[in-house]
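If you read the sequence shown in the numbering used here, its first letter stands for residue 6, the second for the next number, and so on.
Glycine residues also receive a C-beta, built at the ideal position from the N, C-alpha and C atoms.
Notes for the one structure printed next.
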Amino acid sequence: MTGVRGLFQVLAEDLDAARAHDPAARSRLEVALAYPGVHALWAYRAAHRLWRVPSLRLPARLLSQLARAATGIEIHPGARLGRRLFIDHGMGVVIGETTVVGDDVMLYHGVTLGGRSLNRGKRHPTLGDRVTVGAGAKVLGPVWVADDAQIGANAVVVKDVPAGAVAVGIPARIRVPNAPVADRPRNEDPSELIEYVI
Ligand SMILES: CC(C)(COP(=O)(O)OP(=O)(O)OC[C@H]1O[C@@H](n2cnc3c(N)ncnc32)[C@H](O)[C@@H]1OP(=O)(O)O)[C@@H](O)C(=O)NCCC(=O)NCCS
Numbered sequence: 006m007t008g009v010r011g012l013f014q015v016l017a018e019d020l021d022a023a024r025a026h027d028p029a030a031r032s033r034l035e036v037a038l039a040y041p042g043v044h045a046l047w048a049y050r051a052a053h054r055l056w057r058v059p060s061l062r063l064p065a066r067l068l069s070q071l072a073r074a075a076t077g078i079e080i081h082p083g084a085r086l087g088r089r090l091f092i093d094h095g096m097g098v099v100i101g102e103t104t105v106v107g108d109d110v111m112l113y114h115g116v117t118l119g120g121r122s123l124n125r126g127k128r129h130p131t132l133g134d135r136v137t138v139g140a141g142a143k144v145l146g147p148v149w150v151a152d153d154a155q156i157g158a159n160a161v162v163v164k165d166v167p168a169g170a171v172a173v174g175i176p177a178r179i180r181v182p183n184a185p186v187a188d189r190p191r192n193e194d195p196s197e198l199i200e201y202v203i
């Protein structure tokens with residue numbers, strides 16, 4: 006989706022995603038003014054546009070850090086986030102550079118989508134569509150969390166999570182018996198797995 010109209014549609018979707026996920030949200034205006042998760046996401050969408058121009062990567066990082074100071078949410082501008090992401094409460098969320106997030110994902114405060122190595126390549130998680138990550142959970146390394154999975158509050162996930170599974174504890178164990186083996190797509194480049202917005 007391109008152009009100003011497409012951009013406004015994406016921003017409106019972000020507001021509606023917050024309303025859909027938070028029973029306390031009463032209007033788009035309230036969400037636009039009072040939800041740090043939405044502010045951080047919008048700053049990310051702008052920073053990511055800058056990041057895609059190699060000469061503008063420093064301004065992208067600065068914008069990202071400004072948003073972090075204002076919201077307590079750190080999203081690296083190189084991350085690839087899908088549509089209608091909702092970050093509830095937000096404070097303490099960290100999303101690393103090579104993270105990929107699908108559509109309709111929900112993250113609570115204190116979530117880390119982080120790395121476990123100092124390699125420059127893909128080192129952060131890939132989340133499918135409709136994944137929920139509970140408060141304080143850490144998803145570490147280039148793991149694949151498949152569609153509709155739920156990560157429990159304070160879990161530490163270091164291995165792939167199958168579609169629809171619930172992962173809880175440290176290290177996280179899968180709570181759905183008979184779940185299919187993690188259905189990581191065959192595509193070798195995680196950045197191409199999920200269409201992202203801007
Ligand atoms: C993981 C979660 C999604 C599971 O929800 P659910 O599908 O309803 O599952 P249940 O509540 O039936 O729990 C299933 C099992 O996992 C355990 N469990 C649930 N959440 C857990 C957690 N965060 N850590 C460890 N164990 C957990 C339950 O005790 C239960 O264990 P049992 O089978 O031995 O009895 C949910 O408990 C959770 O943590 N959601 C995150 C919510 C959050 O972060 N809210 C913040 C609001 S500000």
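* **residue 150 in three-state terms, based on DSSP** => strand
* **Bridge-paired residues (DSSP) for residue 119** => 145
* To do: Might you give, ordered along the chain, the residues of its own chain that have their beta carbon closer than 7 Å to the beta carbon of residue 92, omitting 5 neighbours on each side?
  => 42, 45, 46, 78, 98, 112
* Compute the Euclidean distance between the alpha carbons of residue 211 and residue 66, then round it to the nearest angstrom. => Only positions 6 to 203 of the chain appear in the structure, and residue 211 is not among them; the question remains open.
* residue 18 to residue 12 span [Cα, whole Å] -> 10 Å
* Shortest alpha-carbon distance to residue 102 belongs to which of 110, 119, 115? -> 119
* To do: State yes or no: is the C-beta of residue 135 nearer than 7 Å to some heavy atom of ligand 1?
  => no
* Residues in its own chain within less than 6 Å of residue 23 by CB, not counting five upstream and five downstream? -> Setting aside the 5 residues that flank it on each side, residue 23 is surrounded in the same chain by 30, 36, 40, 43, 91, each with a C-beta closer than 6 Å to its C-beta; the list follows chain order.
* To do: Return the bridge partner residues of residue 132 from the DSSP annotation.
  => 106, 150
* To do: Give the single residue among 143, 138, 147 whose Cα lies nearest to the Cα of residue 154.
  => Its Cα nearest to that of residue 154, the residue 138 stands out among 143, 138, 147.
* Of the choices 115, 80, 156, whose alpha-carbon is the least far from that of residue 166? -> 156
* Helix, strand or coil at residue 172 [DSSP, three-state] -> strand
* Three-state secondary structure (DSSP) of residue 68 -> helix
* **Close-in-space but distant-in-sequence residues of the same chain around residue 148 (CB under 8 Å, 5 per side omitted)** => Counting only Cβ-Cβ distances below 8 Å, and skipping sequence neighbours, we find 130, 131, 162, 163, 164, 165, 166.
* May I ask you to report which of helix, strand or coil DSSP gives residue 178? => strand
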